[in-house]
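**Q** Below is one structure. I have some questions about it.
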Amino acid sequence: MQPHSNNSDKKPADRLLKMPGKFDRGPVDFKSRPADYEGEIMTIATRNVVTAQRTTPIIQAVEIMTREGFRRLPIIDAGTRHLRGIVTVTDIIDFMGGGDKFNLVQVKHGGNFLAAINEGLREIMTSNTITMPVAGSIGDAVDIIVNRNIGGIPITDPEGTLKGIVTERDVMKVLTTEHSNRKAEDIMKPSVRVTSPDTPIGKVCEEMIKCRFRRLPVVVDDVLCGIVTATDIMNYLGKGKAFEQLTTGDAAEVMGAPVRSLLSGELHTITPDRNIHDIAVEMIQRRVGALPVIEDSHLVGLVTEYDLVKAFAEE
1 MQPHSNNSDK
11 KPADRLLKMP
21 GKFDRGPVDF
31 KSRPADYEGE
41 IMTIATRNVV
51 TAQRTTPIIQ
61 AVEIMTREGF
71 RRLPIIDAGT
81 RHLRGIVTVT
91 DIIDFMGGGD
101 KFNLVQVKHG
111 GNFLAAINEG
121 LREIMTSNTI
131 TMPVAGSIGD
141 AVDIIVNRNI
151 GGIPITDPEG
161 TLKGIVTERD
171 VMKVLTTEHS
181 NRKAEDIMKP
191 SVRVTSPDTP
201 IGKVCEEMIK
211 CRFRRLPVVV
221 DDVLCGIVTA
231 TDIMNYLGKG
241 KAFEQLTTGD
251 AAEVMGAPVR
261 SLLSGELHTI
271 TPDRNIHDIA
281 VEMIQRRVGA
291 LPVIEDSHLV
301 GLVTEYDLVK
311 AFAEE
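Residue numbers are given in the UniProt record's numbering: position 292 of the sequence shown equals residue 292, and the series is strictly consecutive.
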């Protein structure tokens, strides 16, 4: 298995970024049966997908996702490559203390985090996975992302074999060929839930799962000092920093550390009058999923990959 980024910058469709005008998302006339041809979605999808099995230990999956910079890992049968589910960064945050999957730690293992992370992925993965057929269009992917709020879509053939994966970022790269007159203030989420630097990591996990967020700005006295993402929290585990907190192996030690310990020194922001095309290009270049919107040194909103895909799709 060759590691390959689900957000690779070397896909054939990347040349579309240099093309003027709209990307043609109209129907294509194929002569063969739908099961036999590949649709346009495969021109932007990652084909060489890094995967795991239901028996793969949770910690091993976290390490793979951390190393490769993934937010999701499809789960397949080793022999047939039939898709069985997916584990996402949200599933990991849920397991680390955010929601019902934390029961694996608290109930089954009596709070012993070290024991729980060696369980198989079948314990926390999402089984009812939303997929796309290989014959699908980019328009189909946009519909799933916008209407189902799904950030990554596995692509399967009629037998259920995994053939690729397409992400919000892949779709955004294609849509950014279309220029727009809209600005950050037109599409941003204006009422942003925030947290403080001293909030325990476990509490941040709970907030993310409860509110279905993947990121929370960290604010002191109304001034933004960082942004913590679900991926940052997963990386805390995947890079081994969580284990530096351990003396007994109890989950409370892992999740009791303040969120300030996850913040990096880098903080990139945008202003409300920034054009959304420029924002999309910056996000792709920086490989980030959101940018905070700042006005007069205060946080006034957040623009995410989802917001951009939705905005460009509406144009």
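Ideal Cβ placement from N, Cα and C applies to all residues, glycine included.
All values reported here derive from a predicted model rather than from experimental measurement.
Roughly how many angstroms lie between the CA atoms of T46 and I284, to the nearest whole one?
**A** Computed Cα separation, rounded: 16 Å.
**Q** Which value, in whole angstroms, describes the spacing of the CA atoms of G226 and S196?
**A** Cα to Cα, G226 sits roughly 10 Å from S196.
**Q** What are the boundary residues of the alpha helix (DSSP H) that includes L114?
**A** That run of the alpha helix (DSSP H) goes F113 to A116.
**Q** Just mark A78 as buried or exposed, buried being the case when its beta carbon has 16 or more other beta carbons within 10 Å.
**A** A78 comes out exposed.
**Q** By the DSSP assignment, the beta strand (DSSP E) with T156 in it spans what residues?
**A** G152 to T156 is the span of the beta strand (DSSP E), which, as asked, contains T156.
**Q** Can you check DSSP and say which residues form a bridge with T126?
**A** Answer is I86, bridged to T126.
**Q** Roughly how many angstroms lie between the CA atoms of D96 and V309, to the nearest whole one?
**A** For the record, residue 96 in the displayed sequence is Met; it is not Asp. Going by the C-alpha atoms only, they are around 29 Å apart.
**Q** I believe A52 touches L121 by the beta-carbon criterion, under 8 Å. Please report the beta-carbon distance rounded to the nearest angstrom.
**A** Going by Cβ atoms, the distance from A52 to L121 rounds to 6 Å, so yes, they are a contact pair.
**Q** Kindly list the residues whose CB is nearer than 8 Å to the CB of I187, restricted to its own chain and excluding five residues on each side of it in sequence; keep chain order.
**A** I276, V303, D307, L308, K310 and A311, listed in sequence order.
**Q** May I have a chain-ordered list of the alpha helix (DSSP H) segments no shorter than 4 residues that lie completely inside the UniProt domain "CBS" (262 to 315)?
**A** Within the UniProt domain "CBS" (262 to 315), the complete alpha helix (DSSP H) runs of at least 4 residues are 276 to 286 and 305 to 314.
**Q** Would you call K108 buried or exposed, if buried means 16 or more other Cβ atoms sit within 10 Å of its Cβ?
**A** Looking at its Cβ environment, which holds fewer than 16 other Cβ atoms inside 10 Å, K108 is exposed.
**Q** Might you give, ordered along the chain, the residues of its own chain that have their beta carbon closer than 6 Å to the beta carbon of R287, omitting 5 neighbours on each side?
**A** Same-chain partners within the cutoff: there are none.
**Q** Does DSSP put V254 in a helix, a strand or coil?
**A** Helix at V254.
**Q** For the alpha helix (DSSP H) that contains L175, what are its first and last residues?
**A** Taken as a continuous stretch (DSSP letters only), the alpha helix (DSSP H) holding L175 covers E168 to L175.
**Q** Check the C-beta distance from C211 over to M255 and give it rounded, since I have them as a contact under 8 Å.
**A** No, C211 and M255 are not in contact; Cβ-Cβ is about 18 Å, not under 8 Å.
**Q** Going by beta carbon distance, what residues of the same chain come within less than 8 Å of E305, once the five residues before and after it are set aside?
**A** Excluding sequence neighbours, E305 sits near G151, E168, R169, M172, M283, G289 and A290.
**Q** Looking only at C-alpha atoms, which of G240, I117, E119 and I165 sits nearest to I138?
**A** If we check each option's Cα against that of I138, I165 comes out closest.
**Q** For the beta strand (DSSP E) holding V142, just list the boundary residues, first then last.
**A** From DSSP, V142 is part of no beta strand (DSSP E) but of the alpha helix (DSSP H) over I138 to R148.
**Q** What are the uninterrupted segments assigned as alpha helix (DSSP H) that are 4 or more residues long and contained completely in the stretch 175 to 260, given in chain order?
**A** Qualifying alpha helix (DSSP H) stretches, in chain order: 184 to 187, 201 to 211, 230 to 238 and 251 to 255.
**Q** Assign Q60 to one of three DSSP states: helix, strand, or coil.
**A** Helix.
**Q** DSSP three-state label for T161, please.
**A** Here T161 sits in strand by DSSP.
**Q** Buried or exposed for D198, please, with buried defined as at least 16 other CB atoms from any protein chain shown within 10 angstroms of its CB.
**A** Exposed, since its Cβ has fewer than 16 Cβ neighbours within 10 Å.
**Q** From what residue to what residue does the beta strand (DSSP E) around L104 run?
**A** First-last for L104: undefined, no H or E at that position.
**Q** Using a Cβ-Cβ cut-off of 8 Å (strictly less than) and excluding sequence neighbours within five positions of D143, which residues of its own chain qualify?
**A** Excluding residues within five positions, none has a Cβ falling inside 8 Å.
**Q** In three-state terms, what does DSSP make of G98?
**A** Here G98 sits in helix by DSSP.
**Q** Is I44 helix, strand or coil when you go by DSSP?
**A** Residue state, collapsed to three classes: coil.
**Q** Counting only the same chain and skipping the five closest in sequence on each side, list residues whose C-beta sits under 7 Å from that of A141.
**A** Cβ within range, chain order: I41, M132, I153, V166 and V171.
**Q** Just checking, does the stretch 54 to 62 make contact with the stretch 114 to 130 on the three C-beta pairs under 8 Å criterion?
**A** Counting Cβ pairs under 8 Å, three or more are found: they touch.
**Q** Which residues mark the beginning and the end of the beta strand (DSSP E) in which L121 is found?
**A** Note, L121: premise wrong, no beta strand (DSSP E); not H, not E.
**Q** Please go through the same chain and pick out, in chain order, the residues whose beta-carbon is closer than 7 Å to the beta-carbon of R182, but skip the five residues on each side of it.
**A** Hits under 7 Å: I276 and A311.
**Q** Since R71 sits in a beta bridge, which residues does DSSP pair it with?
**A** Paired residue(s): none; R71 is not in a bridge.
**Q** H82 to P74, Cα distance in whole Å?
**A** So the alpha carbons of these two residues sit roughly 10 Å apart.
**Q** Can you find the residues in the same chain that come closer than 6 Å, C-beta to C-beta, to M125, ignoring five residues on each side of it along the sequence?
**A** So the list reads I75, G85 and V87, once near-sequence residues are dropped.
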